[in-house]
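Written out below as structure tokens is the structure these notes cover.
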Amino acid sequence: ALLASIGASLAEGNLIIAMPANNEPASLDGHIDPYQSTWLINSLITDPLVILAPDGTYIPGLATDWSVSDDGRTWTFTLHEGLTFQDGAPFNAEAVRANLERVLAPETASAQLASDLGPIASIETDGETGLTIIYDTPWVTLLDALRRAPLWSPAALASAEPGDMAATLIGTGPFRFTGWVQNDNITMERWDDYAGVTAISNAPGPVGLDSVTIRFIGESAVMGQVLATGEVNMVYTLPPLFSDQYVGNSDYTLLSRGQAGTGLQMVMNTRTPPLNDIRVRQALILSRDAAAANDILYDGLYQASDGPLNNIHPCFWEGSSDMYPFDQERAAALLDDAGWVVGDGGMRIAQGVEGVDDGTPLTIRYSTLHHQEIGEVFQAQMRPVGIDLQIEVVPGPVQLDMVQRRDFELMYERQRSPSPLILDQVWNSAYDEPGGWAWTGYADAELDGILEQLRAVFDDDERCGLAREAQQIIMENALMLPTLSQPIIVGLDASVQGFQMGAEGNWFFLHNTSIQE
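Here the sequence shown stands for residues 896 to 1412, where the numbers follow my numbering.
Have a look at this one:
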């Protein structure tokens, strides 16, 4: 049986979650690992300072309240008092400072969280509950970083051996981390001393679940059926094509939510041929029909993502949808003009392309962590234009290594947040550095200047206006290949009560969840 190796059962109080294998992190320490699944798992073990509630507002976590100065440079927090970590160490302002300083320390090699926290000038404490974070420049998006930043026991961090997750992951949250069998499962058990004082909890005290097991499953067909077979009581990211058997069935509940962000975008390496030529980049976009791919692969159940921010993002620039309609004749003309001519067999080869030997095939790698089927549809669509799109699936650590070595052409890069700040992370050339997320090699002073303002402007409408300006520049320069946006579907059996999806589809809360047979 699927769960035989971990001895789990669907007894009262045991929540068994099926999660796609490609969501399994390389590390469970969110100070280091840059993926959403890591921060989600961390949030079950340790509460953050602030919480992004299901309605999209920020509510108290381990901080009871906060304020920011008019110039956006000084953030002041008041913390809950009298709390402890799971090892008995006190939770206080010094503990928070120790965590933030660890994230920012170069030796930690934080792959994203450090850049999200930004250039903190100093962190000051006032007794047990007063915390002030000071910047030299406005940093209005701190809450978005803090709601994902895990807070670990400083005593545990000081004593843990490198890579010892059980010793490192000591938090303040509802569950204690108990084990990780890589490529199989993660297990947690209820922490009986949990205070339950954050604003997401309906009542103080420990949670109603006895344990949580996250089981990583590699096969889509298994993910689609495992809830129906009774081997799990929750599926996170149910494949849309398997949803019909659960819809309208009183034994199950389906919850679906989109993920505002970049969508499943593929960014382009503009440093070297062939993608250093805007004509080739434009031809790629014009050669793909994402709507047809959605119909072929997902019965149209995925969502459009026509630009650097997807179509459901509050700051989406609508001009993205019209700039590159499916037009293979125009794509072919651009490639002819760029010196990529049709050779034997209908595939294109270089003829007079600077930096490329004549006769070199127009082969472009499409490197992705998952959803390779989208690339395969694009591959078939681009072949009549003479583009040889080569699909390769790589794990997260390999992806980051390829980016570090600049050894890619099209690379999957997804950020998920309703904040337009994710544009700054991906497209500001200041982050074209080790550990940064600006991967394309494209640098434009006008674009960088617009993006830098996203961290300094408080007004949402003004920030969205800046984000739309940035998206227009990105699309005019054809720096990314838009694909689709993936909605998150969560399937629950009828025994699971009180489950809460977050404001984004990739987040959920178990603080009020119980299992009632």
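Glycine included, each C-beta is placed from N, C-alpha and C at the ideal position.
Compute the beta-carbon to beta-carbon distance between residue i and residue j, rounded to the nearest angstrom, for a pair I have assumed lies under 8 Å.
i	j	result
LEU1257	GLY1281	7 Å
ASN1372	GLY1393	Their Cβ separation, rounded to whole angstroms, is 47 Å, which puts ASN1372 and GLY1393 out of contact at 8 Å.
TYR953	ARG1042	7 Å
ARG1350	MET1277	Rounded, the Cβ-Cβ distance is 37 Å, inconsistent with contact.
TYR1261	GLN1299	The Cβ separation is near 19 Å, so there is no contact.
VAL1289	LEU910	Not really, about 31 Å apart at Cβ, beyond 8 Å.
LEU1379	ALA1188	7 Å
ILE1095	ILE912	So it is not a contact: roughly 18 Å between Cβ atoms.
TYR1089	VAL1102	7 Å
ALA1016	ILE1029	5 Å
VAL1321	THR1157	7 Å
PRO1014	THR1032	7 Å
HIS926	PRO1045	7 Å
So, with DSSP's three-state summary, where would you put residue i?
i	result
SER1390	coil
PRO1135	helix
GLN1395	strand
LEU905	Only weak support is given to the placement of LEU905: the predicted model assigns it a pLDDT of 46, under 50, and the question is left unresolved by the model.
LEU1405	coil
ARG855	The requested residue 855 does not occur in the structure, where the chain is confined to residues 896 to 1412.
ASP1231	helix
THR933	helix
ASP1217	helix
ASP950	coil
SER900	In this prediction, SER900 scores a pLDDT of 40, lower than 50, which makes its location untrustworthy; no coordinate-derived value is stated.
ILE1410	strand
GLY1330	coil
MET1370	helix
MET1375	strand
GLY1025	strand
LEU939	helix
SER1017	strand
MET1118	helix
ILE1207	coil
ASP960	strand
ILE927	coil
ALA1365	helix
LEU944	coil
SER922	coil
GLN913	According to the sequence shown, residue 913 is Ala rather than Gln. Strand at ALA913.
What residues in its chain sit with their C-beta under 7 Å from that of residue i, if we drop five residues either side in the sequence?
i	result
THR1063	ASP924, TRP1047, ALA1051, LEU1052 and ALA1055
GLY1153	GLN1198, ILE1207, SER1380, PRO1382 and GLY1400
GLY1250	PRO1168
MET1375	GLN1160, MET1161, VAL1162, MET1163, PRO1203 and ILE1369
GLN931	ARG1311 and ASN1401
SER1314	THR1036 and ASP1039
I'd like the list of long-range same chain contacts for residue i, defined as Cβ closer than 6 Å, with 5 residues on each side in sequence excluded.
i	result
HIS1265	ASN917
ALA899	Because the pLDDT at ALA899 is just 39, under 50, the model does not fix this residue reliably, and the value given afterwards should be weighed accordingly. Excluding residues within five positions, none has a Cβ falling inside 6 Å.
ARG1225	LEU1181
GLU1268	LEU1192
CYS1359	CYS1210
GLY951	ALA1398
GLY956	ASP942, PRO943, LEU944, VAL945, ILE946 and THR1093
ALA1074	According to the sequence shown, residue 1074 is Gly rather than Ala. Excluding sequence neighbours, GLY1074 sits near THR1082.
MET1396	LEU1150, ARG1152 and PHE1403
ASN1097	ASN1407
ILE961	Correcting the residue type first, residue 961 is Trp in the shown sequence and not Ile. Excluding residues within five positions, the ones whose Cβ falls inside 6 Å are PHE972.
GLU1084	ARG1071, THR1073 and SER1106
ASP1253	ALA1245 and GLN1246
GLN1223	SER1182 and VAL1280
PRO920	ASP928, TYR930, SER932 and THR933
Take residue i and list the residues in its own chain whose beta-carbon comes closer than 8 Å to its own, dropping the five residues that flank it on each side.
i	result
ILE1345	LEU1361, GLU1364, ALA1365 and ILE1368
ARG1174	LEU1229, LEU1230, ASP1232 and ALA1233
PRO1220	LEU1181
Any heavy atom of the ligand FAD within a distance shorter than 6 Å of the CB on residue i?
i	result
ALA1055	Absence of the ligand FAD is noted for the structure shown, with no ligands found whatsoever.
Could I get the ranges of all uninterrupted alpha helix (DSSP H) runs contained in the region 968-1004, with 4 residues as the minimum, in chain order? Qualifying alpha helix (DSSP H) stretches, in chain order: 988-999.
Could you tell me which whole alpha helix (DSSP H) segments of length 4 or greater appear in the region 1247-1325? Along the region 1247-1325, the alpha helix (DSSP H) occurs as fully enclosed runs of 4 or more residues at 1267-1277, 1291-1299 and 1316-1322, listed in sequence order.
3 or more residues per run - each beta strand (DSSP E) lying fully within the region 1036-1113: Whole beta strand (DSSP E) segments, 3+ residues: 1070-1076, 1080-1085 and 1106-1112.
Can you find at least 3 beta carbon pairs, one from the region 962-973 and one from the region 1019-1031, that sit closer than 8 Å? Yes, since at least three Cβ pairs between the region 962-973 and the region 1019-1031 fall closer than 8 Å, the two stretches touch.
Hey, which unbroken runs of the beta strand (DSSP E) at 3 residues or more fall wholly within the region 1122-1202? Correct list: 1129-1131, 1147-1152 and 1161-1163.
Stretch pair the region 1161-1179 + the region 1139-1147: three plus CB contacts closer than 8 Å: With the cut-off at 8 Å, the region 1161-1179 and the region 1139-1147 do not touch.
Does the region 1057-1073 come within contact of the region 931-941, defined as at least 3 CB pairs closer than 8 Å? Output reads yes: the region 931-941 touches the region 1057-1073.
Is the region 1294-1311 close to the region 1322-1342, with three or more CB pairs under 8 Å? Yes, since at least three Cβ pairs between the region 1294-1311 and the region 1322-1342 fall closer than 8 Å, the two stretches touch.
Determine contact between the region 1106-1114 and the region 1002-1015, defined as no fewer than three beta-carbon pairs at a distance below 8 Å. Segment contact: the region 1106-1114 against the region 1002-1015, fewer than three CB-CB distances shorter than 8 Å; contact not assigned.
Is it the case that the region 1234-1254 contacts the region 1197-1204, given that we only count it when at least three CB pairs across the two stretches are under 8 Å? No contact exists between the region 1197-1204 and the region 1234-1254.
Using 8 Å as the Cβ pair cut-off and three pairs as the minimum, do the region 992-1000 and the region 1129-1140 touch? Flag = no, the region 992-1000 and the region 1129-1140 do not touch.
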